[in-house]
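Number of protein chains: 2
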Amino acid sequence: MANGLLIMLPGPTNVPDRVLRAMSKPLIGHRGPEFRELHERIIENARYAFQTEGDVLVLTCSGTGGVACAIENAITPGDKVVVPVFGVFSERIAETARRVGADVVEVPIRWGSAPRAEQVAGALEGAKALCVVYNETSTGATARELAKLCELAKEAEALVIVDAVSILGGDELPVDKWGVDICITGSQKCLACPPGLALLSISEDAWEAIRANPRRPFYFDLVRAREFYEERRETPFTPAIPLFYALDEALKIIREEGLEARIERHRTCARAFYAGLAAFGLEPYPEPEWRSNTVITVRVPSDVDVEALRRAMKEQYGVLVAGGMGKTKGLVIRIGCMGAITAREVLITLSALGASLSSLGHEVEMGEGLEAARRELGLA
Amino acid sequence: MANGLLIMLPGPTNVPDRVLRAMSKPLIGHRGPEFRELHERIIENARYAFQTEGDVLVLTCSGTGGVACAIENAITPGDKVVVPVFGVFSERIAETARRVGADVVEVPIRWGSAPRAEQVAGALEGAKALCVVYNETSTGATARELAKLCELAKEAEALVIVDAVSILGGDELPVDKWGVDICITGSQKCLACPPGLALLSISEDAWEAIRANPRRPFYFDLVRAREFYEERRETPFTPAIPLFYALDEALKIIREEGLEARIERHRTCARAFYAGLAAFGLEPYPEPEWRSNTVITVRVPSDVDVEALRRAMKEQYGVLVAGGMGKTKGLVIRIGCMGAITAREVLITLSALGASLSSLGHEVEMGEGLEAARRELGLA
Chain A
338 MANGLLIMLP GPTNVPDRVL RAMSKPLIGH RGPEFRELHE RIIENARYAF QTEGDVLVLT
398 CSGTGGVACA IENAITPGDK VVVPVFGVFS ERIAETARRV GADVVEVPIR WGSAPRAEQV
458 AGALEGAKAL CVVYNETSTG ATARELAKLC ELAKEAEALV IVDAVSILGG DELPVDKWGV
518 DICITGSQKC LACPPGLALL SISEDAWEAI RANPRRPFYF DLVRAREFYE ERRETPFTPA
578 IPLFYALDEA LKIIREEGLE ARIERHRTCA RAFYAGLAAF GLEPYPEPEW RSNTVITVRV
638 PSDVDVEALR RAMKEQYGVL VAGGMGKTKG LVIRIGCMGA ITAREVLITL SALGASLSSL
698 GHEVEMGEGL EAARRELGLA
Chain B
338 MANGLLIMLP GPTNVPDRVL RAMSKPLIGH RGPEFRELHE RIIENARYAF QTEGDVLVLT
398 CSGTGGVACA IENAITPGDK VVVPVFGVFS ERIAETARRV GADVVEVPIR WGSAPRAEQV
458 AGALEGAKAL CVVYNETSTG ATARELAKLC ELAKEAEALV IVDAVSILGG DELPVDKWGV
518 DICITGSQKC LACPPGLALL SISEDAWEAI RANPRRPFYF DLVRAREFYE ERRETPFTPA
578 IPLFYALDEA LKIIREEGLE ARIERHRTCA RAFYAGLAAF GLEPYPEPEW RSNTVITVRV
638 PSDVDVEALR RAMKEQYGVL VAGGMGKTKG LVIRIGCMGA ITAREVLITL SALGASLSSL
698 GHEVEMGEGL EAARRELGLA
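In order, the protein sequences belong to chains A and B. First residue of the first sequence: 338, per this note's numbering; consecutive thereafter. First residue of the second sequence: 338, per this note's numbering; consecutive thereafter.
Structure (C-alpha cells):
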C-alpha cells in the first residue's frame, strides 16, 4: 500500500516493507569491504534467480538501460539482428539495434500473440543475434516458445538476447538450460525491488562477441564491469548504493521463498486473475496460449472509457493499474501480477475493477468473478 | 554518521537524515500525477542549483553516466574534441569521446594544476567541443579559469561540456552566465543525496548539435528525455523513484539554505581544512591557486603508508577518507568537503588524521592544527 494505494502496475510494483526500509540504512563507501561483501551476495543470489552459473552484473539504470547496454556491447555496425516485433518493447529493441548501426530484420508478429519458432527460423541465416522480448509488457503476451527459439538461434550460430524485464523471477526462465546468451531484467518488476537497477546475465559466447567490439559504450562497458567485479567485487562507477541495499533484501526474499514456489505463486495468481476476468465477461487481450502470468492485459468493454475506469479504481478503491501502450492504448488495462503478489492483491484488484465497471454503468457479476478467483487461489 | 562512520569520501558523502528517510516513502507510479508533480519540483530546484533558465534533465545513472550521455549525444564520429587532461576524470572524458569516434585532441596539463586559457586556446580551431573537468576529483584541483575557457570556446564556436560532478552546489558555477553548454553533476556529491542520479543542463546551442546527431544512444537519448519532460513531466524510462524522492529533499535543502550561503560554507570549511593541514606540516597535492573547495587532496608524509593511515582513521576514529587515483595513488589521501559539510566534520576529520599520523609514528602539532582550523571556522 502506497499513500493508501495498491500499486498494481506492470512495474514499478509493490515492494515489501523490509526492502523499502533497507534503503534508509546509512551510506557506505563503494570502494570498501562493506560494499564488496554486499555486492558479492547480490551477485550470488542473482545467479540463483537467473538459474545461471555464468556471469551476472548489476548496473545503475532502468531495465531499458540494461537492454540498451546488452545491444550496444554485443552488436556492431552492419551486424544482422533479427527481432520478432509484437509490441512496444520489441519495437524498442529493434530501434536500439538500429541506433548502433545494425542491419535489423524485423519479423512482424500479430500483437496479442508471440513468435513461433517457424515464424523466426527463416530469418536467422547469417544473423549475429536474435533479440526476443520474453514478456511483452505492452500486450501481456509471453513468448512461450523461447526455448525453441534459443535452439534455432544456436543452430544458426546467432546469439540470443532476451529482454526479460517484466518476467524474470515470476515465470520459468532457466537461462543456462535454455541457452540464453544475454538475459536482462529490471529491479522493479518480479524481483519486487524499487526501480533504478538492471541485472544482466552474460554467456561465454556473448563475452566473445562483446570483447571483439572495439567501440563499447563507456558507461555501459560490460568488459570493464566484469573486470571490476572479478578483481575486486566493485563497480566501475559509483553504484546507487541504497538500491543495492534494497536489491540485496529483495533477492534474499527470493532465496527464502525458493524460485520454484515463487513462480508457482505467480502462476496461481495469474490463473485467479484470468478466471475472475472471464466470470466478469471480460476478454484478455492476448490469445489464450500466450497469456502472461506477470502482466494481465484485459480489454475494457467498449461502453467504458479506459481513463475513467482507471480513475475510478484509483480514486474510489485505491488501486493503481496501467492503461495500454502503442496499439493497446485506449483499449485495455494492464495489471501487474508481480513480485509480492498474493491472493489479497488479486481479490482487491478484481473487486475494485468489478465495482468500478458497475459504477460506470457496465454491470458485471461481481460475486461470480470473485468466487472464480477464490477457487483458483484455493480459497473456495 | 554511517555504521558509526563519518563518510568523508569525495563522494558518496554524508546525507542528511531527512534525505535518507525520504527514500522509504511508498512507491508511486511514474506515469501518474504524483510523479509529475515531484519531477517538476525537482527540475525547478535543479535549475536554481545550476543557475540556469535553460533545460535541466535528471537521468537514472551515475555521474559518469551523465558525462557519457552528454558526449554520446553532442559528439559524432570525426568531430574534433579538445580535452585538457589533468587527472583521471579528464582522461575518462577523452576516452568517452574516443569511444564515439571523435578526433580527440588532449592538452596535457600538469597534475595538481588545472588548464589556463592560453594552454587551451591554440587547440580550439575547428573544434566541435571543449570538454573540461571543472573539479578533478583525482587530484583536488579546480579549473579556476573555466569562465575564460568558456569565452575562448565561444569565440571558436565550440561547445563547452563541463564535468562538474564533484563540485556543482559547492563552488561557484553560474552555468548561463559563463556560457556552459552542457553541465553535468551527480547526486552524491555537493548535492548531499545518495548516488544513482545524474543531472544535466543543456543550452540551446547544445540542443542544436544534439538534434543533428542521427545516432543518439537509445537509453541516453536527450531529445527523447526532453520531449517526455516538456510534454508530460515524465521520464522516457522508469526512473529510480526512491532516489527522486531523495533528490527532491536534497534540492529543497539547497533552496532553504540558499546557494550563495552553501558555497560560502564549503569555502569556509575548505579554508579550515587547508589551514589545519598546513599547521600539521602537510602539503596539499594541488598548487595553491587551483586548490579545490570540495575535494581536499593532501600528500601523505613519506614515512607513513597511505593504506595504514586510512585504516587507522577508519578503525580507530570512524572516519572514512579516500586514497589517490591514477598518478596520486599511494601518495595522497582525498577528503570530501561536500554537501552537508560543517565545522563538526572538519574538526573530527582533522583530529582523526592528526591522531592517526601520530599513532603511526609521524608526530604532528595536533593543537596548532585544530586551532588554525577553528580560527578559519570563526570558532576561535
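Positions of the beta carbon are idealized from the N, C-alpha and C atoms, including for glycine.
Open item on the list: According to DSSP, is A458 of chain B part of a helix, a strand, or is it coil?
Closed with: Helix.
Task: 4 or more residues per run - each alpha helix (DSSP H) lying fully within the stretch 413 to 449 of chain A - done: Uninterrupted alpha helix (DSSP H) stretches at least 4 residues long and entirely within the stretch 413 to 449 of chain A occur at 425 to 436, given in chain order.
- [ ] Only counting runs of 3 or more residues, tell me where the beta strand (DSSP E) segments fall wholly within the stretch 457 to 510 of chain B, in order along the chain.
- [x] DSSP runs (the beta strand (DSSP E)) wholly in the stretch 457 to 510 of chain B: 466 to 470, 496 to 500.
Open item on the list: Give me, in chain order, the residues of the same chain whose beta-carbon lies closer than 8 Å to that of Y654 of chain B; leave out the 5 immediate sequence neighbours on both sides.
Closed with: Result list for Y654 of chain B: I685, S688, A689, A692, S693, in chain order.
- [ ] Examine chain A for any beta-carbon lying closer than 7 Å to the beta-carbon of L505 of chain B, and answer yes or no.
- [x] So no, L505 of chain B is outside the interface.
TODO: Report the neighbours of L687 of chain B on chain A: residues whose CB is nearer than 7 Å to its CB, in chain order.
DONE: Going along chain A, no residue has its Cβ under 7 Å from L687 of chain B, so there is no contact; the nearest lies around 19 Å.
- [ ] Could I get the ranges of all uninterrupted alpha helix (DSSP H) runs contained in the stretch 504 to 544 of chain A, with 4 residues as the minimum, in chain order?
- [x] Segments of the alpha helix (DSSP H) lying fully in the stretch 504 to 544 of chain A: 512 to 515.
Task: Classification of R553 of chain A by the beta-carbon crowding that lies within 10 angstroms, buried from 16 upward - done: Buried, by the Cβ-count rule.
Open item on the list: Residues of chain B with CB closer than 7 Å to the CB of Y471 of chain A, please, in chain order.
Closed with: Chain B residues near Y471 of chain A: none, gap ~18 Å exceeds 7 Å.
Open item on the list: I'd like to confirm the pairing. Which residues does DSSP put opposite G660 of chain B in its beta bridges?
Closed with: Under DSSP, the beta-bridge partners assigned to G660 of chain B are B:I670.
TODO: Pick out the complete alpha helix (DSSP H) segments inside the stretch 596 to 650 of chain B, 4 residues or longer, and give them in chain order.
DONE: Those alpha helix (DSSP H) runs which fall completely within the stretch 596 to 650 of chain B and span 4+ residues are 596 to 616.
Open item on the list: Based on DSSP bridge pairs, tell me the residues matched to T397 of chain B.
Closed with: Residue pairing from DSSP places T397 of chain B in a beta bridge opposite B:L534.
- [ ] Pull out every residue of the stretch 413 to 433 of chain B whose Cβ sits closer than 8 Å to any Cβ of chain A, in chain order.
- [x] Of all residues in the stretch 413 to 433 of chain B, R429, E432, T433 have a Cβ within less than 8 Å of some Cβ in chain A.
Task: Own chain, CB closer than 6 Å to V643 of chain A, minus 5 neighbours either side, in chain order - done: Here the set comprises V637, G660, G667.
Open item on the list: Can you check whether the C-beta of V356 of chain B is within less than 7 Å of a C-beta belonging to chain A?
Closed with: False, the Cβ-Cβ gap to chain A never drops below 7 Å.
Open item on the list: Could you tell me the alpha carbon to alpha carbon distance between V352 of chain A and A546 of chain B, rounded to whole angstroms?
Closed with: Using only the alpha carbons, I get a separation of about 41 Å.
Open item on the list: Between the alpha carbons of I672 of chain B and A587 of chain B, how many angstroms are there, rounded?
Closed with: Computed Cα separation, rounded: 21 Å.
Task: Inter-residue Cα distance where the pair is T397 of chain A and A717 of chain B - done: Here the alpha carbons of A717 of chain B and T397 of chain A stand approximately 45 Å from one another.
Open item on the list: When you compare the CB of S450 of chain B with every CB in chain A, is at least one pair closer than 7 Å?
Closed with: No, its Cβ sits nowhere closer than 7 Å to a Cβ of chain A.
Task: Burial state of A645 of chain B, where buried means 16 or more other Cβ atoms lie within 10 Å - done: Label assigned to A645 of chain B: exposed.
TODO: Look up M338 of chain A in the DSSP assignment and say whether it is helix, strand or coil.
DONE: Only weak support exists for where M338 of chain A lies, its pLDDT of 42 falling under 50; the coordinates are left without a value.
- [ ] Can you give me the Cβ contacts of L290 of chain B inside the same chain, cut-off strictly under 8 Å, excluding the 5 residues immediately before and after it?
- [x] Residue coverage of chain B in this structure runs from 338 to 717, which leaves residue 290 of chain B outside it and unanswerable.
- [ ] Taking a Cβ distance cut-off of 9 Å, strictly less, list which residues of the stretch 645 to 669 of chain A are near chain B, in chain order.
- [x] Shown in chain order are the members of the stretch 645 to 669 of chain A whose Cβ falls below 9 Å from a Cβ of chain B: K651, L657, A659, G660.
TODO: Run the CB neighbour count on A598 of chain B, radius 10 Å, all protein chains shown included, and call it buried at 16 or more, exposed below.
DONE: By the neighbour-count definition (other C-beta atoms within 10 Å, threshold 16), A598 of chain B is an exposed residue.
TODO: Please name the residue in A:G391, A:R429, A:V437, A:E428 whose C-alpha comes closest to that of S413 of chain A.
DONE: Rather than Ser, the amino acid found at residue 413 of chain A in this sequence is Thr. Measuring from the Cα of T413 of chain A, the nearest candidate turns out to be A:V437.
Open item on the list: Taking 6 Å as the limit between beta carbons, can you name the residues of its chain near P349 of chain B, skipping five residues before and five after?
Closed with: If we look at P349 of chain B and ignore the five residues flanking it on each side, its Cβ neighbours are Q525, P532.
Task: Residue-chain proximity (A339 of chain B, chain A), Cβ-Cβ < 7 Å - done: Per-residue confidence for A339 of chain B stands at a pLDDT of 45, beneath the threshold of 50, marking its modelled position as unreliable; the derived number appears in the next sentence. Judged by the 7 Å Cβ criterion, A339 of chain B is in contact with chain A.
Task: Identity of the residue in A:G523, A:G507, A:L537 nearest L596 of chain A by Cα - done: Just measuring C-alpha positions, the residue of A:G523, A:G507, A:L537 sitting nearest L596 of chain A is A:G507.
TODO: Count the other CB atoms, across all protein chains shown, that sit within 10 Å of the CB of P370 of chain A; report buried if there are 16 or more and exposed otherwise.
DONE: Exposed, by the Cβ-count rule.
Open item on the list: Strictly below 9 Å CB to CB, what residues from chain A border I578 of chain B?
Closed with: Residues of chain A with a Cβ closer than 9 Å to the Cβ of I578 of chain B are, in chain order, P349, Q525, P531, P532, G533.
Open item on the list: Short of 8 Å Cβ to Cβ, which residues in the stretch 674 to 704 of chain A face chain B?
Closed with: Listed by position, the residues of the stretch 674 to 704 of chain A near chain B (Cβ gap below 8 Å) amount to none.
TODO: Tell whether a beta-carbon distance below 7 Å holds between S629 of chain B and G424 of chain B.
DONE: Taking 7 Å as the Cβ cut-off, S629 of chain B and G424 of chain B do not qualify as a contacting pair.
TODO: Would you tell me roughly how many angstroms separate the C-alpha atoms of L505 of chain B and S399 of chain B, rounded to the nearest one?
DONE: Taking the CA atoms as reference points, L505 of chain B sits about 15 Å from S399 of chain B.
Task: Short-range partners of chain A found in the stretch 385 to 415 of chain B, where Cβ spacing is below 9 Å - done: Per Cβ criterion, the list reads L396, T397, C398, S399, G400, T401, G402, G403, V404, A405, C406, I408, E409.
Open item on the list: For V635 of chain B and A480 of chain B, I'd like the C-alpha separation in whole angstroms.
Closed with: Their backbone Cα atoms lie some 18 Å apart in a straight line.
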